Structures are given as C-alpha cells and as structure tokens.
Amino acid sequence: MWKQFLGKISQKSLKSGSGGRGSPLQKSPPSCGANGAKAELRASPPPQASAVAAAPGSETREDVFLRKLNVCCVVFDFAAERGRDSPDVERKRQVLVSLVDCVSGAEEPLTEAMISACVRMFAINLFRVFPPKLHSGGATDEDEPFFDPSWYHLQVVYELLLRFVMSPVVDVKVARKYMDNSFISRLLDLFDSDDPRERECLKAVLHRIYGKFMGNRSFIRKAVSNIFYRFVFEADHYNGIAELLEVFGSVISGFAKPLKEEHKLFLWKALIPLHKPKTVGVYLPQLTYCITQFIEKEPKLTGTVIRGLLKYWPVTNSQKEMMFLGELEEVLELTEMADFQKCVVPLFRRIAQCLNSSHFQVAERALFLWNNKHLFDLISQNRQVILPIIYPALERNARWHWNQSVLNVTMNVRKMFFDMDERLLLTCETNFQAEEKRRAASEERRRLVWERLERNAAFQSVTGDIGFAVPPTSAPLVAPAMT
Numbered sequence: 001m002w003k004q005f006l007g008k009i010s011q012k013s014l015k016s017g018s019g020g021r022g023s024p025l026q027k028s029p030p031s032c033g034a035n036g037a038k039a040e041l042r043a044s045p046p047p048q049a050s051a052v053a054a055a056p057g058s059e060t061r062e063d064v065f066l067r068k069l070n071v072c073c074v075v076f077d078f079a080a081e082r083g084r085d086s087p088d089v090e091r092k093r094q095v096l097v098s099l100v101d102c103v104s105g106a107e108e109p110l111t112e113a114m115i116s117a118c119v120r121m122f123a124i125n126l127f128r129v130f131p132p133k134l135h136s137g138g139a140t141d142e143d144e145p146f147f148d149p150s151w152y153h154l155q156v157v158y159e160l161l162l163r164f165v166m167s168p169v170v171d172v173k174v175a176r177k178y179m180d181n182s183f184i185s186r187l188l189d190l191f192d193s194d195d196p197r198e199r200e201c202l203k204a205v206l207h208r209i210y211g212k213f214m215g216n217r218s219f220i221r222k223a224v225s226n227i228f229y230r231f232v233f234e235a236d237h238y239n240g241i242a243e244l245l246e247v248f249g250s251v252i253s254g255f256a257k258p259l260k261e262e263h264k265l266f267l268w269k270a271l272i273p274l275h276k277p278k279t280v281g282v283y284l285p286q287l288t289y290c291i292t293q294f295i296e297k298e299p300k301l302t303g304t305v306i307r308g309l310l311k312y313w314p315v316t317n318s319q320k321e322m323m324f325l326g327e328l329e330e331v332l333e334l335t336e337m338a339d340f341q342k343c344v345v346p347l348f349r350r351i352a353q354c355l356n357s358s359h360f361q362v363a364e365r366a367l368f369l370w371n372n373k374h375l376f377d378l379i380s381q382n383r384q385v386i387l388p389i390i391y392p393a394l395e396r397n398a399r400w401h402w403n404q405s406v407l408n409v410t411m412n413v414r415k416m417f418f419d420m421d422e423r424l425l426l427t428c429e430t431n432f433q434a435e436e437k438r439r440a441a442s443e444e445r446r447r448l449v450w451e452r453l454e455r456n457a458a459f460q461s462v463t464g465d466i467g468f469a470v471p472p473t474s475a476p477l478v479a480p481a482m483t
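Take the sequence shown: its position 345, counting from 1, is numbered 345 in UniProt numbering, and each next residue is one higher.
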C-alpha cells in the first residue's frame, strides 16, 4: 500500500515538473552564437544562470561599455567591401555613435579598465601605415586632395577621441598611463595623412592633448621638432606641416616671458629652416604667424629671424622670393630701432639685389617696402647707411629696367630720398658715376687684353699635338720604405 502511494506521488511530481517554469527539462529559447547557429538543448546554460543573464540591469555600466568597445575593435577593409554595403559596417558605426553620446553625457568617472579599452580601440582604428603611392613628390596647392574611403568610421573614432580627451570624467593621471609618449608619437605620425579631413581632426585632438596632458608637453615639442627636421633635411614632403604649425601658433602665444632657451632653440633650429623647402608656400602663413608670435614675446629675436631669412633666401625661385619679401615686411613691422641697426647692411644688400631682379614682380614688391610707414621711418633714420647701398640699384633700374611699372615706382622712391636728404642723394649719385667710370675702364682693359691674346694666337701656327712638358723631378715618385 505504501508502495502504491509513493508511486502516485512520484507520477504527480513528474507531471507537474513537465509544465513547471523551473523544471530542468524545460527547453530554453534558441540563442545565436558567433556563427549564428541555434544552440542545442544540451548546450543551454543552467536555468538559474540563464535567468540571471537575461534579467534586465544585470550587466554593469562597465561591462556594457567594454562590450561596445570590443565591437568597435573590428577593422574593415572599405576598399574590398565597398564601404557601407556590409551590415557589420553600419552596426559598428552605430555603436561608435552611441559611445560618443555615452562619453559626452557621462557623469560618473570612467574606470581604469574603460580608459584602457578606449585607448586600445583608438590605436587599433587609427594607427596604420599610409600607402606610399599616395605621396606624389612635388605636391602643390593645385593637387586634388585624397579622401580616405575608411573615413566613414574614422570620423566617428576621431570624434570619440576628442570627446574622450575633453571629458571631465576621464582622470588625467590614469589616462596618461595609456596615452603615453609612444601613443602620442604614433598619433603625430598620422599628420602625414593625405586626407585633409583627418588632419583637421588631428589638429583639434593634438591641441586638446597639449592643453590637458601637461606632463607630455616637452615630449610633444621635441617630437614635432623631429618631424620638421625630417621634412627639411630628409623627406622634403610631409602633408601636415601647416596643421602642426597652426597648433603651435597657439602654443607659442601661451609661452611665458622671458622665453626659455629651449623655446628659442625651437625657433632657430626648427621653425626658421622651414623656409628652405620648395613647398614653403603651402604653410607660409602659419609659419609667419608662429615667427611673429616669437617676436612679440621677445622683440630682440628679430635679428635672429632676419638672419635666418637671409640664410635661406631663394636665388632662382621668383615666386618664393616674393613670399620672403612679404614675410620680411611683417617682421620689420615688429622690429625696433636697435635691432634694425644690427642687421641693416646685409638686409639692404639683399633688398638691392631684389630691386634689380629681371622679374618685374620681385622688383616691384621690393620697391613697395617703402610704402610701409614703420619701415619708412626706420629707413629715414638710417639713410646714411642705407642709401649708399641701394642707390646703385635704383639708378640701374631708372636707366635700364624693361618694365614701365618698376621704372615709375623707382622714380618715386628716388624722389622720397631726394626730399629726405638732397645732399646725401647727390653724393651717392656722384659716387655712382665715378664707380661706373671705373667699371667701364676696367671692362675696356679686359677687352683689350682679350683682343691681344686672340691676335697672338691667330699669328702662331699650330702643328702636331700640343702637349705640356713635365719637368723631371729629382725625388722619386714613391718614397722608399723605412727599414
């Protein structure tokens, strides 16, 4: 009887277990694995564990954030997959956008694991080797810009990086452990990108990093200096020079007075040699701004700048010479009298050569320096030194220059000097005429010498081979060995 009772109880328990919610025989809903296949019943997790995983709010904020970052660590080949055709590409972009919103609106500080994962994701997506075929030598302003097909994702990654650096919930001390000098160095290498959109984003990111990570400032300055060195003395091509100079324009404006010796060396060894490359016109406005910022901080540096300009002054490139004259005028506007007097002689020797340039735009641009009021005042106070240097150039232009516009402006400059100091102008004119007579007499003597040599050579009959007799030497050609 007890056996029958116990058997009925066991049958009821089995029947109730087959329809109960907590039964171990219950079939769990199908789940998609990495390959998208449905998991079999025997592979399903225990009922309690699956219930906890499916419960809302069971994942922590850090877990969700890290899971999204892992999704974004997958890099796609846009050239092979044709951009946005793949659904995984669009999914990654949507996850990146959600991360941007998450970092922008975060109120709680990011944990060290979250910061480390962010930096890892930035490195995976951004740091890459540029194809060498994109660097065509002799790039100019007329070259069509290259647009990276992966910009569909890179744009959002750069936006996330910018928000990450600017966010107040990111601890600087923790972030510096992962955004170290190696990370910054590889980030600076990206300035060589052919895509101008990427260089603009990098410019904003570098500016924020320099402002927030104060411990890395010295390294950033040295790394940028090394980029300039390689560009000037080795590569002669680098895409991001203008953007780097634009960042450093604001950096230099924040230098404290008096300037440190390190900053002065940056001016002399890194900035001034940037006048040497033939593509200086691409970044000259930014370079001029940086140099003028140095002069405004310390006016005594004008002599250093002018000597540097004269050192790298172009000889055969007329367009570049006009750029130099424009920059020289901006520098001279900030020059004080004492510094101007130290470099007045070599400076106006170069200007005199520009006045006599056969390229009429170079000669005209040099003559327009007298239209600058500050420079005119400097010249008028030092006319005793300047006029004897440039008067021969003015006189040659007035006599022999082929361009009428240059001739008219030359006459106006002569009239300025005549009104300024008539006696000095007449003295310079007398000296010029005497020098011209001496030069003409010297040329005549040289012509007569050559004519005499030609007549003597014509009367001498040349027969056989002409050789040079080598006198015998008393000493042997090879010294005897010492014994």
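Cβ coordinates follow ideal geometry from the N, Cα and C atoms, glycine included. On a predicted model such as this, the values are computed, not experimentally measured, just so you know.
Under the three-state DSSP convention, the category residue i falls into
i: Met179; result: coil
i: Asn226; result: helix
i: Val279; result: Reading the sequence as shown, one finds Thr at residue 279 and not Val. Thr279 falls in the coil class under three-state DSSP.
i: Ser98; result: helix
i: Lys269; result: helix
i: Cys73; result: coil
i: Ala79; result: helix
i: Glu127; result: Here residue 127 is Phe; the residue named in the question, Glu, does not match the sequence. If DSSP states are grouped into helix, strand and coil, Phe127 belongs with coil.
i: Leu110; result: coil
i: Pro56; result: Low per-residue confidence applies at Pro56: pLDDT is 47, beneath 50, and the placement is therefore not dependable enough to give any value.
i: Asp377; result: helix
i: Lys212; result: helix
i: Ser193; result: coil
i: Ile295; result: helix
i: Gly249; result: helix
i: Pro285; result: helix
i: Asn456; result: helix
Closest Cα partner of residue i within the set the options
i: Arg186; options: Leu453, Ile227, Ser86 and Gln381; result: Ile227
i: Val251; options: Val280, Ile241, Tyr238 and Tyr210; result: Tyr210
i: Lys311; options: Ala338, His401, Lys276 and Leu284; result: Lys276
i: Asn356; options: Val331, Arg383 and Val315; result: Val315
i: Ala366; options: Ile389, Gln433 and Val406; result: Val406
i: Phe147; options: Glu112, Asp195, Phe231 and Leu110; result: Asp195
i: Asp180; options: Val129, Ser116 and Gln155; result: Ser116
i: Glu435; options: Asp419, Asn408, Pro392 and Phe459; result: Pro392
i: Pro273; options: Glu59, Val172 and Ile291; result: Ile291
i: Gly326; options: Leu287, Cys343 and Cys73; result: Leu287
i: Leu387; options: Arg414, Trp400, Glu198 and His359; result: Arg414
i: residue 492; options: Arg163, Asp77 and Leu369; result: No information on residue 492 is available, as it lies outside the stretch 1 to 483 that the chain covers here.
i: Val100; options: Val232, Leu160 and Asp339; result: Leu160
i: Val95; options: Glu112, Asn70, Leu110 and Val362; result: Asn70
i: Gln341; options: Leu328, Arg383, Ser358 and Val362; result: Arg383
i: Glu298; options: Lys173, Tyr283, Glu200 and Lys260; result: Lys260
i: Gly105; options: Leu375, Val169 and Leu334; result: Val169
i: Arg67; options: Met114, Asp236, Arg93 and Val362; result: Met114
i: Pro131; options: Ser98, Asp192 and Cys118; result: Asp192
i: Lys257; options: Val280, Glu296 and Ala175; result: Glu296
i: Gly240; options: Glu262, Ala204 and Lys212; result: Ala204
i: Asn125; options: Asp377, Asn317 and Cys72; result: Cys72
i: Ile329; options: Arg217, Val385, Val156 and Phe376; result: Residue identity differs from the one stated: residue 329 is Glu in this sequence, not Ile. Among Arg217, Val385, Val156 and Phe376, the Cα nearest to that of Glu329 is on Phe376.
i: Ala398; options: Asn372, Asp419 and Glu364; result: Glu364
i: Asn408; options: Ser380, Phe360 and Asp419; result: Phe360
i: Val156; options: Glu59, Arg93 and Phe368; result: Arg93
i: Asp236; options: Leu206, Ser218 and Val280; result: Val280
Residue burial classification, residue i (beta-carbon count within 10 angstroms, cutoff 16)
i: Glu108; result: exposed
i: Gly215; result: exposed
i: Ser150; result: buried
i: Gly254; result: exposed
i: Val129; result: exposed
i: Phe417; result: buried
i: Lys173; result: exposed
i: Glu234; result: exposed
i: Asn431; result: exposed
i: Phe127; result: exposed
i: Leu477; result: For Leu477, the predicted model reports a pLDDT of 48, less than 50, meaning its position is unreliable and no value from the coordinates is stated.
i: Val52; result: Confidence at Val52 is low in this model, with a pLDDT of 32, below 50, so the placement of that residue should be treated as unreliable; the coordinate-derived value is given next. Looking at its Cβ environment, which holds fewer than 16 other Cβ atoms inside 10 Å, Val52 is exposed.
i: Leu134; result: Confidence at Leu134 is low in this model, with a pLDDT of 48, below 50, so its placement is unreliable and the value that follows should be read with caution. With fewer than 16 other Cβ atoms within 10 Å, it is exposed.
i: Leu61; result: Correcting the residue type first, residue 61 is Arg in the shown sequence and not Leu. Per the 10 Å Cβ criterion, exposed.
i: Leu190; result: buried
The ligand MG heavy atom lying under 8 Å from the CB of residue i
i: Gln341; result: Here there are no bound small molecules, and the ligand MG is not part of this structure.
*Inside the region 302–355 only - alpha helix (DSSP H) runs reaching at least 4 residues*: 302–311, 318–333, 337–342 and 344–355
*asked:* Within 8 Å, do at least three Cβ pairs link the region 440–457 to the region 411–424?
replied: no
*In the region 141–173, which residue ranges form an unbroken alpha helix (DSSP H) of at least 4 residues, counting only runs that do not cross its ends?*
151–166
*asked:* Check whether the region 316–323 and the region 334–349 touch, using three or more Cβ-Cβ pairs below 8 Å as the test.
replied: no
*Looking at C-beta atoms only, is the number of pairs between the region 266–273 and the region 217–232 that lie closer than 8 Å three or more?*
Using a C-beta cut-off of 8 Å, the region 266–273 makes contact with the region 217–232, since at least three inter-stretch Cβ pairs fall below that distance.
*Segments assigned alpha helix (DSSP H), at least 4 residues, entirely inside the region 389–425*: 404–420
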